[in-house]
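Peer 1: Before anything else, here's the structure in question.
In the numbering used here, the protein residues as written are 623 to 1199.
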C-alpha cells in the first residue's frame, strides 16, 4: 500500500506552489505536524512560517504531516493500521517517511482541542506520544535508532499555557518562535534523553522544558484525602530557570515568509501575509491582547515584498492579524492592491473603524458578508467585559457597509459571561439582533436586496493572562439553555439565523487550556479515540470553580503579560457589577 500513499501525496504536492524538497544527507530531519486537516494547516500562517524557517537552514530538512484525510485513512486501514502501532505508519507529505524516522517531531497547536488529536497522530507515526513513556524507554522505537526524536511544541495555544502540551512535548516554544528555530538547530543532533541537552534547551529564551519542573499539589481545605489536588507551585529542578520568559521579537528584524500556496487549503485562493501581532484593545476575555500586550506592526515594505512574490499566483491578499484594520497602512495598501487589479481580505474587522472608505475597500474586494463581534447584546454587559463599543457604532457600521452593497453579516456573541444572568444575555442578544436587522434592512432596500444576519453563540471560556482567568465556566445545560433562548427569541425574524457552538467542545477547550500536565488522563483516552471529560473534582476544580485571588495558575511558570494586580482589579470590577 506504500505506493498508494506516495501517489496520494504526490497528487497533493502537484497542487502546491513554493514547497521545498530536500535530500536528507547530513541534515537534521524535522517533521512538522499539524494536528488537524491539511486544508486547515495550509491556511495557518504560523505553521507555514515555521516550515519555511526550518527549511531556510542548510543543515535542516523539514517535511509536513497532518491528520489523515478520509482517503489516506482508508489506505492506512487497508494496510493494517487499524491500531496505530501495527501495519503502515503515518508519514510525511514530501517523502512518505514515518515520523519515527525524524530527529525532531514538531507540532503546531493553534487550538486547545487539537491536543486531543496528537496522541493518535504520534502513535500512528511510530513515536510514543507521551513524554514520560518516551523517557522511560530511553531510545527510539526502532532498533536502528540510537536516540528517540525530540518532540517540540509551538503555536498560540501551546504557548499560552505550556503545561498541557508538555504531557506530549519535550519542549514548548513560549511566544514568538522565529529565534527559537535557529537556536534549537544550533545545538546539533537532538538528545532528549540527555539531561544536559534538556538544560541547554531550557537556556534558550522562550523554551519551556517540562522535565525540568516538578508540580506541587495541595488538597483544598476540607477535601477528602483522595481528592483532586490544587496546584500550589511548579518547582524548577537544578539547572532550569525559575520561570520562562515569553519570547517577543521585533517584527522589523524578521520579514514575513513567502508561504506555500495550496489549492486545497481553506484560504487557498489567497496570498496570506501577516500585518501585525497583538491588539491595541484590552477586551477582558481576549488572550491575544493580554498574553503579548504590545501591538506590533509589520513594516509596509515587508508586506509589499511578500505580496509581490506571490502576485503571479494570487491576486487576493489575505491580511492576517488580530487587529488588521489597526495596521497603520491598511487603507493605503488596500487601495494600492485594488489599483493593481487585486483584492484584500482582512482577517478581522472592527466596527468602530468602519467608515465609507473601509466599506468601499471591502466592497470593491468582492466581500458580500462581513463578520463583526458585539460579544454581548447590551452595552452595559459589553462594557463590563471590556468591550466599550456602543450599539450605535455597530448599527452605523452595518448601515455604511449595506450602502456599499454588503448586506450579509456574521455576528459573534458570548454566552455564559461571568456575572451575567441567562435572561440578561438572551434578552440582550435578541434585542440587539432585532435592531441590527432593522438598520440593515433600511439600507438594503436602497440596494435592492437583503442578506442574512447569522448570530454565532459561543460559550465563554476563560483564557490565561486575561482578567477573566479567575472566572468559572457555566455548566453545559446552562449554556445550552442560553443558546436555545436566543434561537427561540429570533425565530420570527426573517433573514436572521443562529448557529450555536458546542458547549461540550467548549468545556474540553476550558479543561485543556486551564489545567496542567494532568490532562494526560484524557489524552491517553484520546489516543484510542474515546476521550471523555473528567468527572467529579477534576472538572469542577479546573473549569467550574472561581479561582482564589492568590491562586497559583499552571501558566504562572511563564513570565509575561500584564501585571497580575491590575488584572485582578479588573476582574473584581467585572464581578461586582
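We put the beta carbon where it would ideally sit given N, CA and C, even for glycine. Since the model is a prediction, treat every value here as computed from it, not as a measurement.
How is the beta strand (DSSP E) around residue 685 delimited, first residue to last?
Peer 2: Here residue 685 refers to the residue found at position 63 of the chain shown. It spans 682-688 - the beta strand (DSSP E) in which residue 685 sits, taken as one unbroken run.
Peer 1: Quick one: is residue 1031 buried, meaning 16 or more other Cβ sit within 10 Å of its Cβ, or exposed?
Peer 2: Working through the chain shown from its first residue, we reach residue 1031 at position 409. By the 10 Å Cβ count, residue 1031 comes out buried.
Peer 1: Compute the distance between the beta-carbons of residue 915 and residue 668, then report whether it is under 9 Å.
Peer 2: In the chain shown, counting from the first residue as 1, residue 915 sits at position 293. In the chain shown, counting from the first residue as 1, residue 668 sits at position 46. No, the pair does not count as a contact, with Cβ atoms beyond the cut-off.
Peer 1: Going by beta carbon distance, what residues of the same chain come within less than 8 Å of residue 1105, once the five residues before and after it are set aside?
Peer 2: Looking up residue 1105 in the chain shown gives position 483. Within the same chain, residue 1105 has close Cβ partners 1037, 1079, 1120, 1122 and 1125.
Peer 1: Since residue 726 is in the alpha helix (DSSP H), which residue starts that stretch and which ends it?
Peer 2: Taking the chain shown and counting its residues from 1, the one referred to as residue 726 is at position 104. It is not in any alpha helix (DSSP H) - residue 726 instead sits in the beta strand (DSSP E) that spans 726-730.
Peer 1: Hey, out of 1039, 812 and 856, whose CA is closest to residue 1175's CA?
Peer 2: On the chain shown, residue 1175 is found 553 positions in, with the first residue counted as 1. Ranking the options by Cα distance to residue 1175, first place goes to 856.
Peer 1: Do residue 784 and residue 1062 count as a contact pair if the criterion is CB distance below 9 Å?
Peer 2: Translated into the one-based positions of the chain shown, residue 1062 becomes position 440. Translated into the one-based positions of the chain shown, residue 784 becomes position 162. For residue 1062 and residue 784, no; Cβs fall outside 9 Å.
Peer 1: Using a Cβ-Cβ cutoff of less than 6 Å, which residues in the same chain neighbour residue 814 once the five nearest sequence positions on both sides are dropped?
Peer 2: On the chain shown, residue 814 is found 192 positions in, with the first residue counted as 1. Closer than 6 Å at the Cβ level, and outside the excluded window around residue 814, lie 772 and 792.
Peer 1: Which one of 1158, 976, 863 and 839 has the shortest CA to CA distance from residue 853?
Peer 2: Taking the first residue of the chain shown as position 1, residue 853 is located at position 231. Of 1158, 976, 863 and 839, the residue nearest in Cα terms is 839.
Peer 1: For residue 800, count neighbouring Cβ atoms within 10 angstroms of its own Cβ and tell me buried if that reaches 16, exposed if not.
Peer 2: Taking the first residue of the chain shown as position 1, residue 800 is located at position 178. When all chains shown are included, residue 800 counts as buried.
Peer 1: Should residue 693 be labelled buried (16 or more other beta-carbon atoms within 10 Å of its own) or exposed?
Peer 2: The count along the chain shown starts at 1 and reaches residue 693 at position 71. Exposed: under 16 other Cβ atoms inside 10 Å.
Peer 1: How many angstroms separate the CA atom of residue 953 from the CA atom of residue 670?
Peer 2: The residue given as residue 953 occupies position 331 in the chain shown. The residue given as residue 670 occupies position 48 in the chain shown. Rounded to the nearest angstrom, the two C-alpha atoms are 26 Å apart.
Peer 1: Enumerate in chain order the residues of its own chain whose CB-to-CB distance from residue 719 is below 6 Å, with the five nearest sequence positions on each side excluded.
Peer 2: In the chain shown, residue 719 corresponds to position 97, counting from 1. Result list for residue 719: 713, in chain order.
Peer 1: Apply the 10 Å Cβ neighbour rule to residue 949 and answer buried if 16 or more other Cβ atoms are within range, or exposed otherwise.
Peer 2: Taking the chain shown and counting its residues from 1, one reaches residue 949 at position 327. Buried is the call here.
Peer 1: Which class does residue 957 belong to by DSSP, given the choice of helix, strand or coil?
Peer 2: Position 335 of the chain shown, counted from the first residue, corresponds to residue 957. If DSSP states are grouped into helix, strand and coil, residue 957 belongs with the helices.
Peer 1: Any beta carbon from chain D within less than 9 Å of residue 728's own beta carbon?
Peer 2: Looking for chain D here will not work: only one protein chain is present.
Peer 1: Please confirm whether residue 1034 and residue 984 have their CB atoms less than 9 Å apart.
Peer 2: Looking up residue 1034 in the chain shown gives position 412. Looking up residue 984 in the chain shown gives position 362. No. Outside cutoff.
Peer 1: Quick one: using the 10 Å Cβ neighbour count with 16 as the cut-off for buried, is residue 795 buried or exposed?
Peer 2: Counting from 1 along the chain shown, the entry for residue 795 is found at position 173. Flag for residue 795 reads buried.
Peer 1: Hey, residue 661 and residue 887: beta-carbon distance below 9 Å or not?
Peer 2: Walking along the chain shown from the start, residue 661 turns up at place 39. Walking along the chain shown from the start, residue 887 turns up at place 265. Their beta carbons are under 9 Å apart, which means residue 661 touches residue 887 by this criterion.
Peer 1: Counting pairs of Cβ atoms below 8 Å between the stretch 929-940 and the stretch 881-898, do you hit three or more?
Peer 2: Because the criterion of three Cβ pairs below 8 Å is met, the stretch 929-940 and the stretch 881-898 touch.
Peer 1: Considering only residues of the same chain and omitting the five flanking positions on each side of residue 1020, which have a CB-CB separation below 7 Å?
Peer 2: Here residue 1020 corresponds to residue number 398 of the chain shown, with the count starting at 1. Same-chain partners within the cutoff: 1031, 1058, 1061 and 1062.
Peer 1: Counting Cβ pairs closer than 8 Å, one from the stretch 915-933 and one from the stretch 969-979, do we hit at least three?
Peer 2: No, they do not touch.
Peer 1: Is the stretch 822-829 close to the stretch 901-919, with three or more CB pairs under 8 Å?
Peer 2: Touching, no.
Peer 1: Ordered along the chain, which non-local residues of its own chain (more than five positions away) have a Cβ less than 8 Å from that of residue 1190?
Peer 2: Working through the chain shown from its first residue, we reach residue 1190 at position 568. Within the same chain, residue 1190 has close Cβ partners 1089, 1092 and 1171.
Peer 1: Compare the C-alpha of residue 726 against each of 810, 739 and 788 and name the closest.
Peer 2: Taking the first residue of the chain shown as position 1, residue 726 is located at position 104. Of the listed residues, the one whose Cα sits closest to residue 726 is 810.
Peer 1: With DSSP collapsed to three states, give me the class of residue 669.
Peer 2: Translated into positions along the chain shown, residue 669 becomes position 47. It is helical.
Peer 1: Terminal residues of the continuous beta strand (DSSP E) containing residue 1029?
Peer 2: Residue numbering aside, residue 1029 sits at position 407 when the chain shown is read from its first letter. It is not in any beta strand (DSSP E) - residue 1029 carries neither H nor E in the DSSP assignment.
Peer 1: Roughly how many angstroms separate the alpha carbons of residue 762 and residue 657, rounded to a whole number?
Peer 2: Counting from one through the chain shown, the residue named residue 762 turns up at place 140. Counting from one through the chain shown, the residue named residue 657 turns up at place 35. Because the pLDDT at residue 762 is just 42, under 50, the model does not fix this residue reliably, and the point stays unresolved.
Peer 1: So the candidates are 1043, 1028 and 989; which of them puts its Cα closest to the Cα of residue 999?
Peer 2: As a position in the chain shown, residue 999 is number 377, starting the count at 1. Among 1043, 1028 and 989, the Cα nearest to that of residue 999 belongs to 1043.
Peer 1: Please classify residue 830: does DSSP put it in a helix, a strand, or coil?
Peer 2: For the purposes of this step, residue 830 is identified with residue 208 of the chain shown, where counting begins at 1. DSSP places residue 830 in strand when its eight states are reduced to three.
Peer 1: In the structure shown, what three-state DSSP assignment does residue 882 receive?
Peer 2: Position 260 of the chain shown, counted from the start, is the residue given in the question as residue 882. Three-state DSSP puts residue 882 in coil, outside helix and strand.
Peer 1: Along the chain, which unbroken stretches of the alpha helix (DSSP H) at least 4 residues long are found entirely within the stretch 876-948?
Peer 2: Segments of the alpha helix (DSSP H) lying fully in the stretch 876-948: 909-912 and 922-932.
Peer 1: Can you give me the C-alpha to C-alpha distance between residue 1029 and residue 828, rounded to a whole angstrom?
Peer 2: On the chain shown, position 407 is the one that residue 1029 refers to. On the chain shown, position 206 is the one that residue 828 refers to. Distance between the alpha carbons of residue 1029 and residue 828 is about 45 Å.
Peer 1: Return the CA-CA distance between residue 1192 and residue 1095, expressed in angstroms with no decimal places.
Peer 2: Taking the first residue of the chain shown as 1, we reach residue 1192 at position 570. Taking the first residue of the chain shown as 1, we reach residue 1095 at position 473. Each residue's Cα considered, the two are about 18 Å apart.
Peer 1: Find the nearest neighbour of residue 867 within the set 1198, 1185 and 1181, judged by alpha-carbon distance.
Peer 2: Along the chain shown, one-based indexing puts residue 867 at 245. When only C-alpha atoms are compared, the closest one is 1181.
Peer 1: Can we say the stretch 1128-1139 touches the stretch 1067-1087, given the rule of at least three CB pairs closer than 8 Å?
Peer 2: Yes: at least three Cβ pairs fall under 8 Å.
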